[in-house]
Structures are given as C-alpha cells and as structure tokens.
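Asker: Reading the sequence shown from the start, the letters are residues 1 to 399 in my numbering.
Heads up, the beta-carbon is just placed ideally off N, CA and C, and yes, glycines get one too.
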Amino acid sequence: MLKKIMPIYGTRPEAIKVAPIVRALEDSNLFDCVVTVTGQHREMLDQVNSLFDISPQYDLDIIEPRQTLNGVLTKTIKGLDEILDREKPDAVVVQGDTTTSTAGARAAFYRGIPVVHAEAGLRSHDLYSPFPEEANRKLTSQLAALHLAPTRVSRNNLVRENLNSADIVITGNTVIDALLTVVEKQVPFEDPSLEELVGSGKRIVLVTTHRRENQGEPMRQIARALARLAQAKPEVQFVLPLHRNPAVRDVLLPIIEGAANITLTEPLSYGEFTRMLDASTVVLTDSGGVQEEAPSLGKPVLVMRENTERPEAVSAGTVRLIGTDEQRIVDSVSQLLNDPLAYADMANAINPYGDGLAAERTVAAIAKLLGVGERTPEFGSLDFDVMAAELATKRPVGA
Ligand code: UD1
Ligand code: UDP
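1) Does the Cβ-Cβ distance between K299 and S315 come in under 8 Å?
2) Starting from T102, trace the alpha helix (DSSP H) in both directions and tell me its first and last residue.
3) Roughly how many whole angstroms lie between the Cα atoms of G258 and L252?
4) Can you give me the start and stop residues for the alpha helix (DSSP H) that K75 sits inside?
5) Is S381 buried or exposed, if buried means 16 or more other CB atoms sit within 10 Å of its CB?
6) From the DSSP output, in three-state form, read off R320 for me.
7) Whether or not the region 219-237 and the region 138-157 are in contact is what I'm after, with contact meaning three or more pairs of Cβ atoms, one per stretch, closer than 8 Å; do they touch?
8) Using only alpha-carbon positions, find the residue among A294, N307, G79, A365 that is nearest to G39.
9) Locate the alpha helix (DSSP H) running through I170, then write down its first and last residues.
10) Return the bridge partner residues of H117 from the DSSP annotation.
11) Decide if the region 155-166 is in contact with the region 327-340; the criterion is three or more beta carbon pairs, one per stretch, under 8 Å apart.
12) Below 8 Å on the Cβ atoms is my contact criterion, and I expect E34 with L45 to pass it. Report the Cβ-Cβ distance as a whole number of Å.
13) Per DSSP, which one or two residues make a beta bridge with Q231?
14) Is the beta carbon of P340 closer than 8 Å to that of P295?
15) What does the alpha-carbon distance come out to for the pair N245 and G373?
16) For E306, which residues from the same chain have a beta carbon less than 6 Å from its beta carbon, with the 5 sequence-adjacent residues on both sides left out?
17) Is M276 helix, strand or coil by DSSP?
18) May I ask you to list the residues that DSSP assigns as paired with T209?
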C-alpha cells in the first residue's frame, strides 16, 4: 500500500521550496501525496502553485489583512486538526520557519504523526532575529522525526543541540531545485516595460524587503537610502517588487513613489523574479530565499539584516550583511556600483545551498523513515561549508 504524505505549507517561500518535493513525491511509486495549504498567504501562494501546476487537495484559506501571529497559529492548528483526523497521513512535511510550518508540525505531533522538517537546522543564534522565525525553527526541531538539513552547517547546529544525528540527513536546499528548473525557462514578463528594461542592458539593482523586524523605522531608512541612491545614480534602475503586506507598503511608498528610476511592481511570479535576478547587477534584500538563490547566479547580495542563519555564502564572499542604517546602505550599494574590483570580489557564482537534487534526497529520506527505502548519499561537503561551520562554532550559541 502507498504511504500517504501530507506536505503542509502556506506562504510564498514555502511553496517555492515544497514544489520540487511535491513533484518528486508524485513521481515516486511509493507515495500518495495530499497537498494541504493554509492560505497564510493568498495571491503570493497561488502564483507559485499555479507556476508549478499544483492544485492543493485542502486549502484552509486563513489569510486576513494585517493578520497576527497568534491568529495564524490558532486558525492553522484548528483547520489542520480536522484534516489530519480525516486523512491520517503516514507523515507530514513542513518547510522552514514560518508560523504555518511550526503550527503544522505541532498539529501533526499532537496527532502522533511523524513530522519531516525540510530546511532544518538554520540558526541565527538570536531568538529575536529574525522574529519569530528563529523561534519557529527551533520549536519545529523539537518535534520533528526527520530533520532535512540543507548544508553541513545546519546539520552541525542540530547536532550541537543534542538532536540524534541518525535522524538528520543533509539534502541541499530544494530552493536550488526550483531555481534551476525555472530560470532556464526564461519566462517572459507580463509587463512589457520590464521586458524592455531587461533587454536594454541597463544596470539593475533588485530590491526586496518584508522582514517583520525591519518594519517601521528600519524600513523607513531602507526607503530613504533607496531614494538617495536613485537620485545619485540616474543611469541605474532600481526594481522593487513590493510584498503584499500593507505594513511594508505604508512605510515604503510615501518615500519612494514617483522616482523615475525606481520601478515598483506587484510581487513578480517566481519565473519573472528569477529572470530579473539573473539580469541584475546587485541584489539588496532582507529575504531568506533570495540570499540562497542569488549566489547561484553569481550576484552580489547585500543583506539588510544584522545577522543571518545562512552563513555559507557570507563565508564564500558573495553575501555581505549590511544592516538597515540608511548611510551604510547608500555606501554599500554605491561601492558595488562604482568600484569594479569590489564588485568582482563579490560576484562569484557559488552553490553552497544545493545542486538541484535536494527533492530527490528528501523523498529517499522519507522512504527510509517509513521503512520503504534505504539510506542514500547526502549533499556533498564543500569547502565554504566547513569554513562557515568553523565561523558558527566561534559564535556563542544563544547569544
Ligand atoms: C511570512 C512569514 C515569513 C516569511 C514571509 C515570506 C511568518 C511569521 N512569517 O511573513 O517568515 O519570510 O511570509 O513572504 O510566518 N498579504 C496579502 N497577500 C499575500 C500575502 C500577504 O495580502 O499573498 C498581506 C496580508 O495583509 C497579511 C500580511 O500580508 O496579513 C502579512 O502576511 P504574513 O504571512 O502574516 O507575514 P509575512 O510578513 O508575509
Ligand atoms: N520571490 C518571487 N517574487 C517576488 C519576490 C520574491 O517569486 O516578487 C521569490 C524569491 O525568488 C524567493 C522567495 O520569493 O524564492 C522569497 O520569498 P520572501 O522573500 O517573501 O520570503 P523569505 O525567503 O524571506 O522567507
């Protein structure tokens, strides 16, 4: 009899990273896959499901404007409990560190269903940053039966927390599977002006910001920095696909709307976004997923955060943490735009996060967990993995 696996997800980044797992589960002859979404995000989630041709069997549709963390948590647990009772899956798969992910893990755990945690073991070592994601991923680690660590660094974090190493498998991150599949399709832009921009050869700085701890004053500084950069660099185009969160738009728009060389768009479809990423000169972001994707495409990434749970590309030199101070953002972007040597130092194509086979390894690890498969080789150890691990051990845990 087929084992029933229920992937549970709710936001854009989870959808992108779970899509290759859904495909691989469906392609395997061992599993029946019951896709369940919470609808923590709506348009941004649907965009991804439609790109990857995934029609969820269950959709809790919980989203509310300006929703609260506890609202998302309680609605998710209540909705999932009924579905888990009806479907009785052999395992659930949750991804990363969103509230959907941790609520999904808890709902399954309370029902005695094994939890598979994809993208396990990322740690910033600061419980309040990113908030609440660092807490979410630590909580999920306590409940999971199988931890799928993307890299050796993340595996080592879990081992240091005394989790059983036999329950950890290094798979690589499925975001690279998704990226490699989509970027080669060269998806056309819906908006002809974006098509024209990419064709023009003009230098592009791609910007995204949404982190909860950046909302308010830090995001105001980000917006002011962008306005100053746009004025100082009229020959460069700044492209900012706006997150749907009104708390983000309320702060950004009054400061940057109307500048001729700042292109503001609705969230781009994943195909469009990765194409824009590929066409960009510099990436300025506070996103987790973008930190993983841009290094694969050889794009320097300036991360508007004080810390990161993704140290591998920082060690390799392609990602730099710059925080959210207005002047520091202006200086850091200007340096990359003005100094070809500084640019060349950062523009290295590296793949610390995956090789495109993470979903395959994920499915093999689930098969082993459920007694229908053997252990298979892990994602390889890379030099910058080791360097980053050394860096991480020097940082006090819990500091
Ligand atoms: C969530 C995740 C965060 C992840 C981010 C990815 C948590 C706690 N946070 O944060 O880890 O990095 O998603 O983008 O799980 N909205 C819409 N339509 C959408 C999506 C959002 O209108 O498709 C608006 C709604 O008003 C919603 C608000 O955005 O209330 C915030 O969404 P929410 O999922 O609570 O927080 P994010 O900041 O998106
Ligand atoms: N992304 C997208 N369209 C956009 C902006 C981002 O498809 O307009 C993708 C991006 O390639 C990455 C993911 O969304 O894979 C990151 O999502 P987000 O920054 O919202 O969340 P995080 O990764 O920070 O949790």
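Answerer: On the basis of the data shown:
1) Counting from one through the sequence shown, the residue named residue 299 turns up at place 299. Counting from one through the sequence shown, the residue named residue 315 turns up at place 315. Not closer than 8 Å, so no.
2) Translated into positions along the sequence shown, residue 102 becomes position 102. Counting along the chain, the alpha helix (DSSP H) containing T102 begins and ends at 99-110.
3) Residue mapping note: residue 258 aligns to position 258 of the sequence shown, counting from 1. Residue mapping note: residue 252 aligns to position 252 of the sequence shown, counting from 1. Approximately 12 Å between the Cα atoms of the pair.
4) By 1-based counting over the sequence shown, the position of residue 75 is 75. Segment 69-87, the alpha helix (DSSP H) holding K75.
5) Indexing the sequence shown from 1 puts residue 381 at position 381. Any reading at S381 is ruled out, since the residue's pLDDT is 49, under 50, leaving its predicted position unreliable.
6) Within the sequence shown, numbered from 1, the residue matching residue 320 stands at position 320. Three-state DSSP puts R320 in a strand.
7) no
8) Residue mapping note: residue 39 aligns to position 39 of the sequence shown, counting from 1. Nearest C-alpha to G39: G79.
9) Counting from 1 along the sequence shown, the entry for residue 170 is found at position 170. That residue, I170, is in no alpha helix (DSSP H); its beta strand (DSSP E) goes 168-170.
10) Looking up residue 117 in the sequence shown gives position 117. V94, H147.
11) no
12) Counted from its first residue, the sequence shown places residue 34 at position 34. Counted from its first residue, the sequence shown places residue 45 at position 45. Contrary to the premise, residue 34 reads as Val rather than Glu in this sequence. V34 to L45, Cβ: 17 Å. No contact.
13) Within the sequence shown, numbered from 1, the residue matching residue 231 stands at position 231. None; Q231 has no bridge partner.
14) For the purposes of this step, residue 295 is identified with residue 295 of the sequence shown, where counting begins at 1. For the purposes of this step, residue 340 is identified with residue 340 of the sequence shown, where counting begins at 1. No, they are not a contact pair.
15) Numbered from 1 along the sequence shown, position 245 holds the residue referred to as residue 245. Numbered from 1 along the sequence shown, position 373 holds the residue referred to as residue 373. N245 and G373: Cα-Cα distance of roughly 42 Å.
16) Translated into the one-based positions of the sequence shown, residue 306 becomes position 306. The beta carbon of E306 sits closer than 6 Å to the beta carbons of G323 from its chain, once the five residues preceding and following it are set aside; these are given in chain order.
17) Numbered from 1 along the sequence shown, position 276 holds the residue referred to as residue 276. It is helical.
18) Position 209 of the sequence shown holds residue 209. For T209, which the question treats as bridged, DSSP gives no partner whatsoever.
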